[in-house]
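**Student:** With our numbering applied, the sequence shown corresponds to residues -9 to 152, in that order.
There's a structure below that I have some questions on.
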Amino acid sequence: MEDLQQIYDQYFQEVYRFVLSLCRDEHIAEEITQETFYKALKRIDTFQGTCKISVWLCQIAKNTYFSYWEGQKRYPRAEPETDPVSQLNVEHKVILDSEALRIHRILHELGEPYKEVFTLRVFGELPFADICSIFGKTESWARVTFHRAKQKIQNRYQEEEQ
-9 MEDLQQIYDQ
1 YFQEVYRFVL
11 SLCRDEHIAE
21 EITQETFYKA
31 LKRIDTFQGT
41 CKISVWLCQI
51 AKNTYFSYWE
61 GQKRYPRAEP
71 ETDPVSQLNV
81 EHKVILDSEA
91 LRIHRILHEL
101 GEPYKEVFTL
111 RVFGELPFAD
121 ICSIFGKTES
131 WARVTFHRAK
141 QKIQNRYQEE
151 EQ
């Protein structure tokens, strides 16, 4: 149990920052991070040691986030009313959020391994060395795959603009 506490203490901030980069909401990020460590605790016996434990935890966090996000689409919550003074800020935030959702949607439409490599690099902020070890490939493979994923996202985004 002491080892699990040490893992939690050592990796909580890293996993939290990763989830926060995905959702941009501190409360949701904390909730998902807690859920991540709960799932990791339940499944610690499945950790094979083929990658760093931080990579494994971020993978669990990413899957937990996407499950949460899918659940939110199915069961949307009622949004609180805003005061008229902050309406301009709300409109600006809605535009930014819709752009982010659009990019997330395009990302979801990407095939593997592009989606996974892009997510690990951008949202997980993992170096290419860690990404290549997850897939059992070379670092140049990870770089090329990331570049191609980025190109696919940009092309799809531009297609939708027209």
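Beta carbons are placed, not taken as given, at the ideal position from N, Cα and C, and that holds for glycine.
1. Taking all protein chains shown into account, decide if Thr40 is buried (16 or more other Cβ within 10 angstroms of its Cβ) or exposed.
2. Would you call the region 4 to 12 and the region 21 to 36 in contact, with 3 or more CB pairs under 8 angstroms?
3. Let me confirm a value: Arg92 is counted as buried when at least 16 other C-beta atoms fall within 10 Å, else exposed. Which label applies?
4. Does the distance from the CB of Leu153 to the CB of Ile124 come in under 8 angstroms?
5. Hey, could you find the ends of the alpha helix (DSSP H) Lys29 is sitting in?
6. So, for Leu12: in the same chain, excluding its five sequence neighbours on each side, which residues have a beta-carbon less than 6 angstroms away from its beta-carbon?
7. Considering just the uninterrupted stretch of the alpha helix (DSSP H) at Asp155, what are its terminal residues?
8. Can you tell which of Cys122, Ile50, Leu31, Glu89 has the C-alpha that lies nearest to the C-alpha of Gln148?
9. Which residues in the same chain as Phe108 place their Cβ atom closer than 8 angstroms to its Cβ, once the five residues preceding and following it in sequence are excluded?
10. So, helix, strand or coil for Glu149, using DSSP?
11. So, is Ala132 buried or exposed, given that buried needs 16 or more other C-beta atoms within 10 angstroms?
12. The alpha helix (DSSP H) spanning Leu110 covers which residue range?
13. Can you tell me which of the three DSSP states Cys41 falls into?
**Tutor:** Inspection of the coordinates gives the following:
1. exposed
2. yes
3. exposed
4. Nothing can be reported for residue 153: it is not among the residues displayed for the chain, which extend from -9 to 152.
5. 16 to 32
6. Tyr55, Phe113
7. The question about residue 155 has no answer, for the chain in this structure spans -9 to 152.
8. Glu89
9. Leu97, Leu100, Phe136, Ala139, Lys140, Ile143
10. helix
11. buried
12. 104 to 112
13. coil
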